[in-house]
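Residue numbers (my numbering): 37 to 190.
Written out as structure tokens, the structure is:
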């Protein structure tokens, strides 16, 4: 796993990584968030458990995404971790039992207040419907990634 960018003022980080399955990818991203001080150690297991029970894979077109998140009790400071996968990984589709999608981008959320969750999810889903935004996040420069993530958080 390689750090692409990190902005502690805006509370986001982006990592480039690979993994053989969704659990491995989620574990690596949770570890990055833990190392940066955004979440507790329990976040790792909680995010994997929540993804098993409430999948977050979204087939959005050419570049599919997942938006894993879990309960605020595991969050020290709110943040977003963008995971840019070297190769797509299968994730279960949100609300579609048994259906899977090949995910290339993940937005792992660490949200401290439940009331903040809805607004951020709405912004993310809107951004995920724009393949040009997803292409920038997948292949863009650090400056472009910073710009997109900064806009999502503002």
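Idealized CB from N, CA, C, for every residue including glycine.
If you draw a straight line from the alpha carbon of residue i to that of residue j, how long is it in whole angstroms?
i	j	result
residue 121	residue 136	16 angstroms
residue 180	residue 172	7 angstroms
residue 124	residue 155	27 angstroms
residue 66	residue 149	19 angstroms
residue 28	residue 95	As displayed, the chain neither begins before 37 nor continues past 190, which places residue 28 out of reach and without an answer.
residue 91	residue 57	14 angstroms
residue 182	residue 47	11 angstroms
residue 127	residue 98	15 angstroms
residue 79	residue 161	23 angstroms
residue 138	residue 107	25 angstroms
residue 117	residue 174	13 angstroms
residue 188	residue 159	6 angstroms
residue 131	residue 85	16 angstroms
residue 70	residue 186	21 angstroms
residue 153	residue 177	28 angstroms
residue 88	residue 45	32 angstroms
residue 68	residue 145	12 angstroms
residue 82	residue 109	10 angstroms
Considering just the uninterrupted stretch of the alpha helix (DSSP H) at residue i, what are its terminal residues?
i	result
residue 169	167–175
Quick check on DSSP: helix, strand or coil for residue i?
i	result
residue 48	strand
residue 69	helix
residue 143	strand
residue 93	strand
residue 136	strand
Between residue i and residue j, which are expected to be in contact by the criterion C-beta below 8 angstroms, what is the C-beta distance as a whole number of angstroms?
i	j	result
residue 147	residue 111	6 angstroms
residue 170	residue 75	So it is not a contact: roughly 25 angstroms between Cβ atoms.
residue 42	residue 53	At roughly 14 angstroms, the Cβ-Cβ gap does not stay under 8 angstroms, so residue 42 and residue 53 are not in contact.
residue 51	residue 119	6 angstroms
residue 15	residue 141	Residue 15 is absent from the structure shown; the chain starts at 37 and stops at 190.
residue 73	residue 113	7 angstroms
Could you tell me the boundaries of the beta strand (DSSP E) in which residue i lies?
i	result
residue 126	115–128
residue 101	100–102
Please tell me whether residue i has its Cβ less than 7 angstroms away from any Cβ of chain D.
i	result
residue 85	The structure shown contains no chain D, having only a single protein chain.
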